[in-house]
Amino acid sequence: MAFVSDAIPVHSLPKTPSQVPALKIFRFKNSEGKQKESPVSLPITPLPTDAPHRHTYYEILFIEEGVGFHEIDFHSYNIQGAGLHFLTPGQVHLLTFSTSFQGYIVAFSEDFYTFYNPVNPSLSQLPFFQPARRQPIITLSETEKSYFHNIMENMVSDHLTAETDQTMIGKYLGLMLQKCAFLAPRNIQPAESAVQTVPELVGRFQELVEKNFRQMHEVQQYAQALSVSPDYLSKIIKKYLGTPSQEYILDKLLLEAKRLLVFTNLSSKEIGYHIHMDDPSYFSRIFKKKTGLTPNEYRDHVRKSTI
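In terms of numbering that gives the first Met the number 0, the sequence shown opens at residue 0 and continues consecutively.
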């Protein structure tokens with residue numbers, strides 16, 4: 000596992016002249032020499048996909064062929080054959096290749112998606128992007144692989160044509176995600192299927208937490224932003240997510256702390272400041288209560304287990 004000296008690399012997308020963040024499409028790094036015949040030439044991703052990093056944007060990896068592993072926030076997913084992998088902003092991930100990969104990487108912002116698909120469900124409502132029950136992988140049959148390949152070939156062709164209206168690209172993305180949402184339920188475990196549909200309030204709470212958990216630690220702050228009482232918010236979050244809302248917020252804070260402990264050399268004190276837990280002893284106490292280890296013990300344990 001690779002480490003960085005101070006912080007996890009964060010990659011962002013440029014903006015278009017209209018100030019709508021751009022959508023970008025790339026090939027995998029090690030797909031050179033195995034690129035299938037195509038009417039267009041697509042660049043290879045310039046990012047270090049084999050080292051821990053994260054994005055400020057969403058990403059879809061459409062893998063047509065390849066063998067390896069995809070590590071996402073301390074979970075390792077086996078890659079063997081065709082599939083779709085989904086990443087949300089802030090997640091730390093890396094790819095380990097055993098063979099050459101064939102496929103596409105689609106990087107886009109929430110603004111880009113909503114700008115061109117205003118009546119579609121929000122990204123946080125899609126099962127593979129929902130923070131509490133993320134299903135980050137969809138395996139594909141040969142027929143489904145062909146379906147997405149055809150979408151991507153047309154999307155890439157328009158993407159690389161300078162005069163193409165970005166509306167077309169935005170609609171392709173919306174269509175692709177609609178099809179993914181249709182296929183996703185089969186990947187959900189039986190115990191989760193009964194609670195798959197959740198109220199809009201729950202999705203909005205999850206979205207707010209994802210964007211504000213470093214600064215906003217209290218249920219009351221989220222309840223005020225959502226125009227509901229703290230008691231009502233707590234009850235509905237417990238009912239649909241299976242965990243108290245305060246625990247849900249704390250889990251997000253500690254996941255960020257774990258990322259920084261494993262993938263950076265920041266001190267425990269610096270990490271506490273980063274997530275606005277300014278009292279180092281309080282941060283260490285909460286961390287140990289939830290994980291059974293102090294922050295430094297956790298760092299040593301995870302790093303040794305991955306060597």
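The beta carbon of each residue, even a glycine, is placed where N, CA and C say it ideally should be.
Task: Supposed close pair LEU46, HIS10 - CB separation, criterion 8 Å - done: Counting from one through the sequence shown, the residue named residue 46 turns up at place 47. Counting from one through the sequence shown, the residue named residue 10 turns up at place 11. Contact flag correct, Cβ pair sits at about 6 Å.
Open item on the list: Which residue wins for smallest C-alpha separation from LYS257, given the options TYR221, GLU246 and HIS300?
Closed with: Here residue 257 is taken as the residue at index 258 of the sequence shown, counted from 1. The shortest C-alpha separation from LYS257 is found at HIS300.
TODO: For the stretch 258–270 and the stretch 214–233, state whether three or more C-beta atom pairs, one from each stretch, are separated by less than 8 Å.
DONE: no
Open item on the list: For the pair the stretch 115–134 and the stretch 60–70, tell me if three or more CB-CB distances fall below 8 Å.
Closed with: no
Task: Exposed unless 16 or more other CB atoms sit within 10 angstroms - verdict on PRO198 - done: Position 199 of the sequence shown, counted from the first residue, corresponds to residue 198. The residue is exposed, with fewer than 16 neighbouring Cβ atoms inside 10 Å.
TODO: Compare the C-beta of LYS170 with all C-beta atoms of chain D and state if any pair is closer than 8 Å.
DONE: Among the protein chains of the structure shown there is no chain D, as only one such chain exists.
TODO: Give the range of the alpha helix (DSSP H) segment to which THR138 is assigned.
DONE: Numbered from 1 along the sequence shown, position 139 holds the residue referred to as residue 138. Not the alpha helix (DSSP H): THR138 falls in the beta strand (DSSP E), residues 136–138.
Open item on the list: Can you list, in chain order, the residues of its chain with a C-beta nearer than 8 Å to that of PHE128? Leave out the 5 residues immediately preceding and following it.
Closed with: Residue 128 sits at position 129 when you count from the first residue of the sequence shown. TYR57, PHE85, THR87 and LEU122.
- [ ] Count the other C-beta atoms from every protein chain shown that fall within 10 angstroms of the C-beta of ARG185, then say buried if there are 16 or more, exposed otherwise.
- [x] Counting from one through the sequence shown, the residue named residue 185 turns up at place 186. Exposed, by the Cβ-count rule.
Task: Residue closest to HIS309, alpha-carbon to alpha-carbon, out of SER280, VAL105, MET167 and PHE212 - done: No statement about residue 309 is possible, as the shown extent of the chain runs from 0 to 306 and does not include it.
Task: Rounded separation between ILE236 and ASN29 - CA only - done: Counted from its first residue, the sequence shown places residue 236 at position 237. Counted from its first residue, the sequence shown places residue 29 at position 30. Spanning the two alpha carbons is a distance of roughly 43 Å.
TODO: Drop a sphere of 10 angstroms on the beta-carbon of ALA161, count the other beta-carbons inside from all chains shown, and report buried for 16 or more, exposed for fewer.
DONE: Taking the sequence shown and counting its residues from 1, one reaches residue 161 at position 162. Looking at its Cβ environment, which holds fewer than 16 other Cβ atoms inside 10 Å, ALA161 is exposed.
Open item on the list: Which residue marks the beginning of the beta strand (DSSP E) containing TYR56, and which one marks its end?
Closed with: Numbered from its first residue, the sequence shown carries residue 56 at position 57. Looking at the DSSP string, TYR56 is not in any beta strand (DSSP E), and its letter there is neither H nor E.
Open item on the list: Quick test of the definition: if touching needs 3 or more C-beta pairs under 8 Å, does the stretch 143–157 touch the stretch 228–235?
Closed with: Counting C-beta pairs with one atom in each stretch, the stretch 143–157 and the stretch 228–235 have fewer than three that are closer than 8 Å, which means they do not touch.
Open item on the list: Considering Cα atoms alone, identify which of LYS238, ILE62 and ILE274 is closest to LEU253.
Closed with: Taking the first residue of the sequence shown as 1, we reach residue 253 at position 254. Here the closest residue by C-alpha is ILE274.
Task: Per-residue DSSP class, three states only, for GLY65 - done: Numbered from its first residue, the sequence shown carries residue 65 at position 66. Coil.
TODO: Select from ARG203, HIS158, THR163 and TYR112 the residue whose C-alpha is nearest the C-alpha of LEU174.
DONE: Translated into positions along the sequence shown, residue 174 becomes position 175. Closest option to LEU174, Cα to Cα, is TYR112.
- [ ] Output yes or no for whether 8 Å exceeds the beta carbon distance between TYR247 and VAL208.
- [x] Residue 247 sits at position 248 when you count from the first residue of the sequence shown. Residue 208 sits at position 209 when you count from the first residue of the sequence shown. Their beta carbons are under 8 Å apart, which means TYR247 touches VAL208 by this criterion.
Task: Boundaries (first-last residue) of the alpha helix (DSSP H) holding THR142 - done: Along the sequence shown, one-based indexing puts residue 142 at 143. Where THR142 is concerned, the enclosing alpha helix (DSSP H) stretches over 141–158.
Open item on the list: Can you tell me whether HIS275 is helix, strand or coil according to DSSP?
Closed with: Translated into the one-based positions of the sequence shown, residue 275 becomes position 276. The answer is coil: DSSP assigns HIS275 none of H, G, I, E or B.
Task: Simplified DSSP assignment, three categories, for LEU86 - done: Reading the sequence shown from its first residue, position 87 is the one you call residue 86. In the three-state scheme derived from DSSP, where H, G and I count as helix and E and B as strand, LEU86 is classed as strand.
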